[in-house]
Amino acid sequence: MSEILYNEIPSLDLADFTSGDAEKKGAFVQALGQAYNNIGFVAIKNHGLTQDLQDHLYATIKKFFALDDESKAKYERPEIGYQRGYTGKGKEHAKGRNTGDLKEFYHVGQDLDQVPDTDPVKNDYPEGVWPEEVPELKEVSLEVYRTIEQAGKLMLRAIAIYLELDEDYFEDKVRYGNSILRAIHYFPITNPDEVPEDAVRAAEHGDINLITLLMGASADGLQVKRRDGKWIPITALPDQLVVNVGDMLERLTNKKLKSTIHRVVNPPREKMNNSRYSVPFFMHPRSEMDLTCLESCVDEQNPKQFENATAGEFLDERLRELGLKK
Ligand SMILES: O=C(O)CCC(=O)C(=O)O
Ligand SMILES: [Fe+2]
Numbered sequence: 002m003s004e005i006l007y008n009e010i011p012s013l014d015l016a017d018f019t020s021g022d023a024e025k026k027g028a029f030v031q032a033l034g035q036a037y038n039n040i041g042f043v044a045i046k047n048h049g050l051t052q053d054l055q056d057h058l059y060a061t062i063k064k065f066f067a068l069d070d071e072s073k074a075k076y077e078r079p080e081i082g083y084q085r086g087y088t089g090k091g092k093e094h095a096k097g098r099n100t101g102d103l104k105e106f107y108h109v110g111q112d113l114d115q116v117p118d119t120d121p122v123k124n125d126y127p128e129g130v131w132p133e134e135v136p137e138l139k140e141v142s143l144e145v146y147r148t149i150e151q152a153g154k155l156m157l158r159a160i161a162i163y164l165e166l167d168e169d170y171f172e173d174k175v176r177y178g179n180s181i182l183r184a185i186h187y188f189p190i191t192n193p194d195e196v197p198e199d200a201v202r203a204a205e206h207g208d209i210n211l212i213t214l215l216m217g218a219s220a221d222g223l224q225v226k227r228r229d230g231k232w233i234p235i236t237a238l239p240d241q242l243v244v245n246v247g248d249m250l251e252r253l254t255n256k257k258l259k260s261t262i263h264r265v266v267n268p269p270r271e272k273m274n275n276s277r278y279s280v281p282f283f284m285h286p287r288s289e290m291d292l293t294c295l296e297s298c299v300d301e302q303n304p305k306q307f308e309n310a311t312a313g314e315f316l317d318e319r320l321r322e323l324g325l326k327k
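No gaps in the numbering here: position 26 of the sequence shown is 27 in my numbering, and each next residue is one more.
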């Protein structure tokens, strides 16, 4: 592993990977691999998501979160572990904690209309949940979903090359994968004395999935924990997506690629009354993907650190630990 301690996360240009120029493509792969072997996070531009589409999504989710709590509760689906639709304030807590995070969010999954009838996931995945008060949410969020999923597939191609796998190694594993787009509202706190002392916007955690692509990280608060324990603020530009390694990819690579702990800290007391919005796309494979450590990542210096599991088994275990599934 490179011993560099980053003061910020590296910025990359996804157009270098897709340019058709072998040298630029190779340089992108090496820079990405080194960053993922070290801090586990990069920021990328030229990801294909236009500012217009992002603005449209933000306007739409703001409209939804502005509804009263009772209206929003109609879209909660505890019976499916909240994997679609709304999750109310304080319901999710980080693994190993009991205090809920100061956030509410809305989950959008794979568009079942796009999935062929012959594919078993069509019956396995829950139906989307759509709010009648904000009908445009469906169309705009599914368009964002498709666009980010495409960028995610390109990132996985680059990762596959870095791991010396076939470039399309992940392709069939993420086709109609179980990814989730999560629109998050960190809600205003009018009286900070009324929330539990240790409650934060998002307590420190690693993401469950293969990779996460995050829009909206330009706003204050997101920090990643560097190897030496220091918290580094993420300062992405408005035209960048932050893309990080999740626990599934860390398992598959036996920690060659790092799922780095991160958190969203509370603003200073006088700013607790301001909302913060962000939209991560948690890129999951199909449930049957085998997460057994790659042989190429296991040797005498790097003994195997994880039990064998499929993506579906691992996800189930984690949703219980997060308080979302019984
Ligand atoms: O809101 C953010 O900036 C990050 C959220 C996050 O880390 C998560 O939801 O997993
Ligand atoms: Fe996260």
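Every residue gets a Cβ at the ideal spot worked out from N, C-alpha and C, and that includes glycine.
Fair warning: this is a prediction, and the values are worked out from it, not measured in the lab.
Only buried fits Ala159, as 16 or more other CB atoms lie within 10 angstroms of its CB. With contacts defined as CB atoms closer than 8 angstroms, Leu138 and Thr61 qualify as a contacting pair. No residue range can be given for Lys305, since it is assigned to no alpha helix (DSSP H) and is classified by DSSP as neither H nor E. Placement of the Cβ of Asp22 at a distance of 7 angstroms or more from every heavy atom of ligand 2 is found. Using a C-beta cut-off of 8 angstroms, the region 145 to 153 makes contact with the region 173 to 190, since at least three inter-stretch Cβ pairs fall below that distance. At least one heavy atom of ligand 1 lies less than 7 angstroms from the C-beta of Leu215. Val196 sits in coil when the DSSP states are folded into three classes, being neither helix nor strand.
The count of Cβ pairs closer than 8 angstroms, one atom from the region 195 to 209 and one from the region 112 to 129, stays below three, leaving the stretches out of contact. If one requires a minimum length of 4 residues, the alpha helix (DSSP H) runs lying completely within the region 94 to 149 are 122 to 125, in chain order. The three-state secondary structure of Met156, taken from DSSP, is helix.
In the structure shown, the three-state DSSP call for Ser297 is helix. Put simply, the backbone Cα of Val280 is about 26 angstroms away from that of Leu292. Taking 8 angstroms as the upper bound for CB-CB distance, Gly222 and Val265 are in contact here, some 5 angstroms apart. When the alpha-carbon of Arg321 is set against those of Ile5, Pro79, Asn192 and Val175, the nearest one is in Pro79. Tyr163 sits in a helix when the DSSP states are folded into three classes. The beta carbon of Gly49 lies closer than 7 angstroms to those of Thr148, Gln151 and Ala152 in the same chain, with the five residues before and after it left out.
Collapsing the DSSP output to three states places Pro234 in a strand. For the pair Gly82 and Val130, the CB atoms are not nearer than the 8 angstroms cut-off. The straight-line gap separating the alpha-carbon atoms of Glu140 and Glu4 is approximately 45 angstroms. The Cβ-Cβ distance between Leu155 and Phe171 does not fall below 8 angstroms. A distance below 7 angstroms between beta-carbons, with the five flanking residues on each side excluded, links Lys257 to the following residues of its chain, in chain order: Asn38 and Cys298. DSSP places His186 inside the beta strand (DSSP E), whose first and last residues are Ile181 to Tyr187. Between the alpha carbons of Ile10 and Phe315 lies a gap of roughly 28 angstroms.
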